[in-house]
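Undergrad: Quick note: the sequence shown uses my numbering, first residue 20, plus one each step. Cβ atoms here follow ideal geometry from the backbone N, Cα and C, with glycine treated the same way. None of these values were measured; they are calculated from a predicted model.
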Amino acid sequence: FSLKHKTEKVRWDATESGLELKPLPDAPKPEGTAAARLTQMRQLVRRFAATETYNGDTIESRLLAQPMDRYQSEADKITDGAIFALANGTNPEIGIVLECGANGWVYGVVRMSGAESKVTLDGKQVAVYEKFTPGSRTDGAYANGWKIELGK
Numbered sequence: 020f021s022l023k024h025k026t027e028k029v030r031w032d033a034t035e036s037g038l039e040l041k042p043l044p045d046a047p048k049p050e051g052t053a054a055a056r057l058t059q060m061r062q063l064v065r066r067f068a069a070t071e072t073y074n075g076d077t078i079e080s081r082l083l084a085q086p087m088d089r090y091q092s093e094a095d096k097i098t099d100g101a102i103f104a105l106a107n108g109t110n111p112e113i114g115i116v117l118e119c120g121a122n123g124w125v126y127g128v129v130r131m132s133g134a135e136s137k138v139t140l141d142g143k144q145v146a147v148y149e150k151f152t153p154g155s156r157t158d159g160a161y162a163n164g165w166k167i168e169l170g171k
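#1: With a cut-off of 8 Å, do at least 3 Cβ pairs link the stretch 63 to 80 to the stretch 90 to 106?
#2: Can you tell me where the alpha helix (DSSP H) with R56 in it begins and where it stops?
#3: Please tell me whether E149 has its Cβ less than 8 Å away from any Cβ of chain C.
#4: In whole angstroms, what separates the C-alpha of K96 from that of N74?
#5: Considering Cα atoms alone, identify which of M60, G51, T26 is closest to V116.
#6: Using DSSP with H/G/I as helix, E/B as strand and the rest coil, what is E71?
#7: Does DSSP put D42 in a helix, a strand or coil?
#8: Note down the Cα distance separating Q85 from T152, rounded to an integer number of angstroms.
#9: If you drop the 5 nearest sequence neighbours on each side, which residues of the same chain put their C-beta closer than 8 Å to that of Q144?
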């Protein structure tokens, strides 16, 4: 991932992926058709839950019905993949990435909120994110309205 300014000769390149994919435990074999795999993904993503703490209140995120994106890649050996959102109202807070290939299903968790967040899979914690405050990160990539620092 990289960002390039429209008019200035500055660019920011990610040094590593923020997404770590792990095998999804107890997942069935991927179905043979795209429609059947989408049904599977909708069932699999229901195993995840997320909460966020905002102004001292713990808020349970809800699963949005439609995936935010659906994709495949022969080059990367991804038969099917989708990104689902766990949201506060309609505001995505956590992304759940599900992919399948020759080795079965994998998942990843993507932070989309600056709030303190916790993610569980089958009731077991799989991700925790501290509250994000400006200046708390050193990689130059910020979100939620904070400036993205670009080197020249």
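TA: Taking the structure as given:
#1: A contact exists between the stretch 63 to 80 and the stretch 90 to 106.
#2: Working through the sequence shown from its first residue, we reach residue 56 at position 37. Residue range 53 to 64 is occupied by the alpha helix (DSSP H) that includes R56.
#3: The structure shown contains no chain C; it is built from a single protein chain.
#4: For the purposes of this step, residue 96 is taken as the residue at position 77 of the sequence shown. For the purposes of this step, residue 74 is taken as the residue at position 55 of the sequence shown. Linking K96 to N74 through their CA atoms gives a straight-line distance of about 43 Å.
#5: Within the sequence shown, numbered from 1, the residue matching residue 116 stands at position 97. Selected option, being the one with the closest Cα: M60.
#6: On the sequence shown, position 52 is the one that residue 71 refers to. E71: strand per DSSP, three-state reduction.
#7: As a position in the sequence shown, residue 42 is number 23, starting the count at 1. According to the sequence shown, residue 42 is Pro rather than Asp. If DSSP states are grouped into helix, strand and coil, P42 belongs with the strands.
#8: For this step, residue 85 is matched to residue 66 along the sequence shown. For this step, residue 152 is matched to residue 133 along the sequence shown. The alpha-carbon of Q85 is positioned some 30 Å away from that of T152.
#9: Here residue 144 refers to the residue found at position 125 of the sequence shown. These residues qualify, in order along the chain: K137, V138.
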